[in-house]
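Novice: FYI, the numbering used here numbers position 356 of the sequence shown as 352, with every residue one higher than the one before it.
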Amino acid sequence: MVDVPTMFGERLSRRLVLAGGICTAGATAVGVNAAVGQATHGGHDAGSATPAAADAYQAPSPSSGHSGAHGAMVTVGEVDSARNGFDPAKMLTDWDVGVTSVLSDGRTLRTFEVVAEDKEIEIAPGVMFPAWTYNGRVPGPALRATEGERLRIVFKNYGSHPHSMHFHGIHAARMDGVPGAGLINPGEEFVYEFDAKPFGCHLYHCHALPLKRHIHKGMYGAFIIDPDPTRHPELADVARSRLLDTPENAQWQELVMVMNAFDTNFDGENEFYAVNTVAHTYMNTPIKITRNRPVRIYLINVVEFDPINSFHLHANFFDYFDQGTTLTPTLKTVDLITQCQAQRGIIEFSFAEHETGLYMFHPHQSEFTELGWVGMFDVVEDVA
Ligand SMILES: [Cu+2]
């Protein structure tokens, strides 16, 4: 009798876990996790796995057509976006702008509705993860507002644990989303209210304890505040280019990318890394970019357990606005930036001087790349 866990025991690296996910697409999460659960993570060196072990692990799907763990090294098979209820390709531009009304003082009130719920999601082909979500998706909705508006976030907890929404922004202590200030039990509701400031690329996340658990389970999302051009006369054009729905903004190709990861066997280390949850999704479906239109990425790192993440663009350089709170770059002409957890910023670049083709982006934590966090821009003359 072949005892699978013993057979792979200490040799099963995290990279092979991913290969296993590839090759046993259709296997249940229980099966994958059972194998993973027997692995030790003392080392991350896939080189310690013998070819025999790799071959044996890949054996179940001779017809999958993949090129093996040493070939393209991307997931094979498809994640069921319909079942997940979210599609990473659409998430890139899927802004939640809420509902607006006008207050008695003439200001705009922007109201968002967010619910917390438990939900099993597919993070790589055949690999399920028992997530805690905002609005049924990971990352949660990309909330977008304009500087100076009044924001109201109606938060309902339909989950099985206490949760909150802690916004990186400026607000009163009682709106902070920590225990005693907007942390609510299952079945309860809380309304956060504060002004949209400062403009920038921010985030929100659950601040229930243990914090690392609530974050790695999927409770985070982008929180973007566009600058109000009238407040920045010296750089009004730049501000307008960031303000959603202006003609200046429409010239840009804006994308929101939340760098995340998943600890599928709950040992305090991640098995899968991604942008917007699904491993290798932008390798399997490259992001179309019109060559002569500029690109702006709202990039946020929420990876738990690993202290640092990064973004590296191939064959090009970009400007970076740390936390997005300035209208002039905080770093100019770089091809790599690093972010700790909750660090975020705006990346701007152009392929106007390039030939069309596939341009890669990934973190320069190479292991993350091999475990799912890598993608391609498909630069074309015009996006149909
Ligand atoms: Cu929570």
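Positions of the beta carbon are idealized from the N, C-alpha and C atoms, including for glycine. Since the structure is predicted, the reported quantities are computational estimates derived from the model, not experimental observations.
CA-CA distance, Asn280 and Ile221?
Specialist: If you take the alpha carbons of Asn280 and Ile221, they lie about 31 angstroms apart.
Novice: Going residue by residue through the segment 81 to 154, where are the continuous beta strand (DSSP E) segments of at least 3 residues, counting only ones entirely within it?
Specialist: For the segment 81 to 154, whole beta strand (DSSP E) runs of length 3 or above, ordered along the chain, are 95 to 98, 104 to 120, 123 to 130, 138 to 142 and 146 to 153.
Novice: Indicate, with yes or no, if ligand 1 has a heavy atom lying under 6 angstroms from the CB of Cys202.
Specialist: Because some heavy atom of ligand 1 lies under 6 angstroms away, the Cβ of Cys202 counts as near it: yes.
Novice: Taking 7 angstroms as the cut-off, decide whether the C-beta atoms of Phe313 and Asp331 are in contact.
Specialist: Cβ atoms of Phe313 and Asp331: closer than 7 angstroms.
Novice: Any chance the CB of His167 is under 6 angstroms from a heavy atom of ligand 1?
Specialist: No, the Cβ of His167 stays beyond 6 angstroms of every heavy atom of ligand 1.
Novice: Is the segment 311 to 326 touching the segment 362 to 369, taking contact as three or more C-beta pairs under 8 angstroms?
Specialist: The segment 311 to 326, when compared against the segment 362 to 369, does not touch it at the 8 angstroms Cβ threshold.
Novice: Starting from Leu179 and walking both ways along the beta strand (DSSP E), at which residues does that stretch end?
Specialist: It is not in any beta strand (DSSP E) - Leu179 carries neither H nor E in the DSSP assignment.
Novice: Quickly, what does DSSP pair Ala218 with across the bridge? List them, please.
Specialist: The partner list for Ala218 (beta bridge, DSSP) reads Leu199.
Novice: If the criterion is Cβ atoms closer than 7 angstroms, does the pair Ala192 and Leu147 meet it?
Specialist: A contact, by the Cβ cut-off of 7 angstroms.
Novice: Checking the sheet assignment: what are the DSSP bridge partners for Ala270?
Specialist: Asn256.
Novice: Nearest CA to the CA of Glu189: which residue from Asn261, Val271 and Leu105?
Specialist: Glu189 has its Cα closest to that of Leu105, out of Asn261, Val271 and Leu105.
Novice: Is His210 near ligand 1 - that is, is its Cβ less than 6 angstroms away from at least one heavy atom of it?
Specialist: Indeed, a heavy atom of ligand 1 lies less than 6 angstroms from the Cβ.
Novice: Between which residues of its own chain and Glu185 is the CB-CB distance below 6 angstroms, once the five residues before and five after are set aside?
Specialist: Excluding positions up to five away in sequence, the list reads Lys152.
Novice: Tell me, please, whether the segment 243 to 263 touches the segment 80 to 99 by the rule of three or more beta-carbon pairs shorter than 8 angstroms.
Specialist: The segment 243 to 263 vs the segment 80 to 99: in contact.
Novice: For Phe301 and Pro229, what's the separation of their Cα atoms in angstroms?
Specialist: About 42 angstroms.
Novice: Using 6 angstroms as the cut-off, classify the Cβ of Met161 as near or not near the heavy atoms of ligand 1, replying yes or no.
Specialist: It does not: the Cβ of Met161 is nowhere closer than 6 angstroms to a heavy atom of ligand 1.
Novice: Given Gly196, which residues of its chain have a CB within under 7 angstroms of its CB, disregarding the five upstream and five downstream residues?
Specialist: Taken in chain order, the residues that qualify are Ile221, Gln319, Gly320 and Thr321.
Novice: When the Cα of Asp224 is compared with those of Val234, Val370 and Thr107, which residue comes out closest?
Specialist: Residue Val234 is the option with its Cα nearest to Asp224.
Novice: What's the gap between the Cα of Gly102 and the Cα of Val93?
Specialist: One C-alpha to the other measures close to 19 angstroms.
Novice: To the nearest angstrom, how far is it from the Cα of Glu109 to the Cα of Ala311?
Specialist: When rounded, the distance between both Cα atoms is 41 angstroms.
Novice: In the DSSP output, what is Leu295 paired with across the bridge?
Specialist: Bridge partners of Leu295: Met253 and Gly341.
Novice: I want to check one thing, is the minimum distance from the CB of Met215 to the heavy atoms of ligand 1 below 6 angstroms?
Specialist: Result yes, Cβ under 6 angstroms from ligand 1.
Novice: Can you tell me whether Thr352 is helix, strand or coil according to DSSP?
Specialist: Of the three classes helix, strand and coil, the one that applies to Thr352 here is coil, per DSSP.
Novice: Apply the 10 Å Cβ neighbour rule to Phe373 and answer buried if 16 or more other Cβ atoms are within range, or exposed otherwise.
Specialist: Phe373 is buried by the Cβ-count criterion.
Novice: Assign Ile343 to buried or exposed, taking buried as 16 or more other Cβ atoms, counted over all protein chains shown, within 10 Å of its Cβ.
Specialist: Buried, by the Cβ-count rule.
Novice: I'd like to check one pair, Gly368 with Phe268: are the Cβ atoms closer than 7 angstroms?
Specialist: Cβ atoms of Phe268 and Gly368: closer than 7 angstroms.
Novice: Per DSSP, which one or two residues make a beta bridge with Lys284?
Specialist: Lys284 is bridged to Asp374.
Novice: Taking Cβ positions, are Gly165 and His203 nearer each other than 7 angstroms?
Specialist: No.
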